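Counted from 1, the sequence shown has number 557 at position 73 by our numbering; the numbering is strictly sequential. By construction, the Cβ of each residue, glycine as well, lies at the ideal position given by its N, Cα and C atoms. Please read all numbers here as calculations on a predicted model, not as lab measurements.
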Amino acid sequence: MTDATAAPSPGDLRQEILRQSSLRGVDKSICPSEVARAYGEDWQQLMPHVRNAAKGLAREGLIDILRKGKPVDPETMKGVIRLRIRPAGR
Numbered sequence: 485m486t487d488a489t490a491a492p493s494p495g496d497l498r499q500e501i502l503r504q505s506s507l508r509g510v511d512k513s514i515c516p517s518e519v520a521r522a523y524g525e526d527w528q529q530l531m532p533h534v535r536n537a538a539k540g541l542a543r544e545g546l547i548d549i550l551r552k553g554k555p556v557d558p559e560t561m562k563g564v565i566r567l568r569i570r571p572a573g574r
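Here you go:
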């Protein structure tokens with residue numbers, strides 16, 4: 485987690501997604517709002533940025549974006565999603 489008074493950079497958000505999802509493990513997922521909430525009270529404003537960071541990580545094969553428990557294409561994701569660290573070898 486970083487200083488809650490400073491706006492996080494895209495790199496900060498990427499690192500926080502990876503940190504939280506790694507801690508949760510390959511069998512569980514995190515809500516993008518958990519990442520946004522790590523940066524303070526104005527977390528709602530960060531949600532589009534968290535989703536964009538998640539798209540990039542999914543494109544790179546580092547995480548899965550889940551909808552209703554199943555991986556979805558980052559280019560077509562919509563609605564409620566969750567994030568999971570991608571298991572090794574996938």
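For a quick check, are the C-beta atoms of residue i and residue j less than 8 Å apart?
i, j, result
"S516", "K539", "As written in the sequence, residue 516 is Pro, which differs from the Ser given in the question. Going by C-beta atoms, P516 is not nearer than 8 Å to K539."
"P494", "A522", "no"
"P571", "V510", "yes"
Around the Cβ of residue i, are there at least 16 other Cβ atoms within 10 angstroms (buried) or fewer (exposed)?
i, result
"V519", "buried"
"L507", "exposed"
"A542", "buried"
"A491", "exposed"
"E525", "exposed"
"V534", "buried"
Kindly indicate which three-state DSSP category residue i falls into: helix, strand or coil?
i, result
"K562", "coil"
"P571", "coil"
"D526", "coil"
"P516", "helix"
"A532", "Note that residue 532 is Pro in the sequence shown here, rather than Ala. Helix."
"D557", "coil"
"D496", "helix"
Please list, in chain order, all residues of the same chain as residue i whose beta carbon is under 6 Å from its beta carbon, the five residues on each side excluded.
i, result
"M429", "With the chain running from 485 to 574 in the structure shown, residue 429 is simply not present."
Cutting at 8 Å between CB atoms, please list the residues of its own chain near residue i, excluding the five before and the five after it.
i, result
"S505", "S513, I514, I547, L567, R568, I569"
Give every residue of the same chain whose Cβ lies closer than 7 Å to the Cβ of residue i, excluding the five residues on either side of it in the sequence, and list them in chain order.
i, result
"G545", "R570"
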